[in-house]
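Colleague:
Residue numbers (the numbering used here): 573 to 888.
(1) Taking 7 Å as the threshold (C-beta atoms), are residue 784 and residue 810 in contact?
(2) Assess, as a yes-or-no matter, whether the stretch 793-804 is touched by the stretch 833-841 under the definition of 3 or more beta carbon pairs within less than 8 Å.
(3) Quick check on the DSSP output: the beta strand (DSSP E) that includes residue 884 runs from which residue to which?
(4) Mind checking whether residue 726 and residue 685 have CB atoms under 7 Å apart?
(5) Start and end of the alpha helix (DSSP H) containing residue 613?
(6) So which of 753, 717, 738 and 647 has the shortest CA-CA distance to residue 677?
(7) Check whether the stretch 813-821 touches the stretch 702-719, taking contact to mean three or more Cβ pairs, one atom from each stretch, closer than 8 Å.
(8) So does the stretch 761-768 actually touch the stretch 648-668, counting three or more Cβ pairs closer than 8 Å?
(9) Taking the alpha carbon of residue 625 as the reference point, which residue from 814, 650, 798 and 604 has its own alpha carbon closest?
(10) If you count every other CB in all the chains shown that lies within 10 Å of the CB of residue 795, and 16 or more means buried, which is it?
(11) By Cβ distance below 6 Å, which residues in the same chain neighbour residue 844 in space, the five residues on each side in sequence not counted?
(12) State the DSSP-derived secondary structure class of residue 697, mapped to helix, strand or coil.
(13) Could you work out which residue in 661, 597 and 582 is closest to residue 851 when comparing CA atoms only?
(14) Please classify residue 825: is it buried, with 16 or more other beta-carbons within 10 angstroms of its beta-carbon, or exposed?
(15) Note down the Cα distance separating residue 586 from residue 653, rounded to an integer number of angstroms.
(16) Could you check whether residue 691 and residue 722 sit closer than 7 Å to each other, using their CB atoms as the reference points?
(17) Kindly indicate the opening and closing residues of the beta strand (DSSP E) around residue 792.
(18) What's the gap between the Cα of residue 622 and the Cα of residue 589?
(19) Pull the bridge partners of residue 830 from the DSSP assignment, please.
(20) Could you check how far apart the C-beta atoms of residue 681 and residue 637 are, in whole angstroms? I think they sit under 8 Å.
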């Protein structure tokens, strides 16, 4: 977005930029209309060159989060106190006190901290984030929680135990780092530890406990599932929230439908694609050929019917 006017340079500019960002954040948190707030955010970003490396923000549901702020990277958390609001709303309706949640690809901790709040003192959260710098943000954010019902781990979950290379992309935030290079030239590679969930579960005596699984690992979801057979051997398999995106999965040589088929071969599930703009859920058997995919929530058939019923007004 082109700048409407130029700010002065030096310390005065830095002061004015801070005023602009904080004013825009205050406006975004109290924006009365469904339209216009994103334009306001983009305008504020276009006027600024200097962004705070670390900011502490509060969310409408009472959480406190620390994040590294820059345009297009967690900026909706800074300006509006929200992140993936439609998915957040769905999660808030179905997770209950006492649940046990897995957060695979925890990023800076939006869902880990949300899960902690929702499951309460009788529940538990296991979170996994292999990127070392992002893990430090995750660690800071869980340290701000009121409860200590979580465990966080600085390794990835996949189909084997060992090492892998994690690709970091200059033009993207650390939340988009991936084991695949996705055909991008400007990448930095770091070594990370990999574990299978099945071995992790055996070591920690986790059996028949996982209620809810969230996995968003930039295309490595099928590898994760291949190392997590024990989830489908539970007497009650978990509700699954998973990114099934063609662009990401194709870098690993599979399609979103392969994820659906993998799960369906192990236990019967109902799958719903989530519209990220309005939160509507569309039941699907498979994606049409060439479809870009979606964030999908899947309920094991015969279980959690009351929770699925809470989302009935979203299903179309």
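Beta carbons are placed, not taken as given, at the ideal position from N, Cα and C, and that holds for glycine.
Modeller: In short:
(1) By one-based count along the chain shown, residue 810 stands at place 238. By one-based count along the chain shown, residue 784 stands at place 212. Against a cut-off of 7 Å, the Cβ pair of residue 784 and residue 810 comes out as a contact.
(2) Three or more beta-carbon pairs separated by less than 8 Å link the stretch 833-841 to the stretch 793-804, which places the two stretches in contact.
(3) Taking the chain shown and counting its residues from 1, the one referred to as residue 884 is at position 312. From DSSP, residue 884 is part of no beta strand (DSSP E); its letter is neither H nor E.
(4) Within the chain shown, residue 726 is the residue found at index 154, counting from 1. Within the chain shown, residue 685 is the residue found at index 113, counting from 1. For residue 726 and residue 685, no; Cβs fall outside 7 Å.
(5) As a position in the chain shown, residue 613 is number 41, starting the count at 1. Residue 613 -> alpha helix (DSSP H) spans 609-618.
(6) Along the chain shown, one-based indexing puts residue 677 at 105. Measuring from the Cα of residue 677, the nearest candidate turns out to be 738.
(7) No: fewer than three Cβ pairs fall under 8 Å.
(8) In this structure the stretch 761-768 does not touch the stretch 648-668; the number of beta carbon pairs closer than 8 Å is below three.
(9) If you number the chain shown from 1, residue 625 lands on position 53. Closest by alpha carbon: 650.
(10) Taking the chain shown and counting its residues from 1, the one referred to as residue 795 is at position 223. With 16 or more other Cβ atoms within 10 Å, it is buried.
(11) In the chain shown, the residue the question calls residue 844 occupies position 272. Around residue 844: 853, 855 and 869.
(12) On the chain shown, residue 697 is found 125 positions in, with the first residue counted as 1. Looking at residue 697 - three-state DSSP - the assignment turns out to be strand.
(13) Residue 851 sits at position 279 when you count from the first residue of the chain shown. Of the candidates 661, 597 and 582, the one whose C-alpha sits nearest the C-alpha of residue 851 is 661.
(14) Stepping through the chain shown from its first residue, residue 825 is reached at position 253. Counting C-beta atoms within 10 angstroms of its own C-beta, residue 825 has fewer than 16 neighbours from the protein chains shown and is therefore classed as exposed.
(15) Counting from one through the chain shown, the residue named residue 586 turns up at place 14. Counting from one through the chain shown, the residue named residue 653 turns up at place 81. Going by the C-alpha atoms only, they are around 23 Å apart.
(16) As a working mapping, residue 722 is identified with position 150 in the chain shown. As a working mapping, residue 691 is identified with position 119 in the chain shown. Taking 7 Å as the Cβ cut-off, residue 722 and residue 691 do not qualify as a contacting pair.
(17) As a position in the chain shown, residue 792 is number 220, starting the count at 1. Taken as a continuous stretch (DSSP letters only), residue 792 belongs to no beta strand (DSSP E), as it is neither H nor E.
(18) As a working mapping, residue 622 is identified with position 50 in the chain shown. As a working mapping, residue 589 is identified with position 17 in the chain shown. So the alpha carbons of these two residues sit roughly 7 Å apart.
(19) The count along the chain shown starts at 1 and reaches residue 830 at position 258. DSSP lists no partner for residue 830.
(20) Against the chain shown, residue 681 aligns to sequence position 109. Against the chain shown, residue 637 aligns to sequence position 65. With a Cβ gap of about 7 Å, residue 681 and residue 637 count as contacting.
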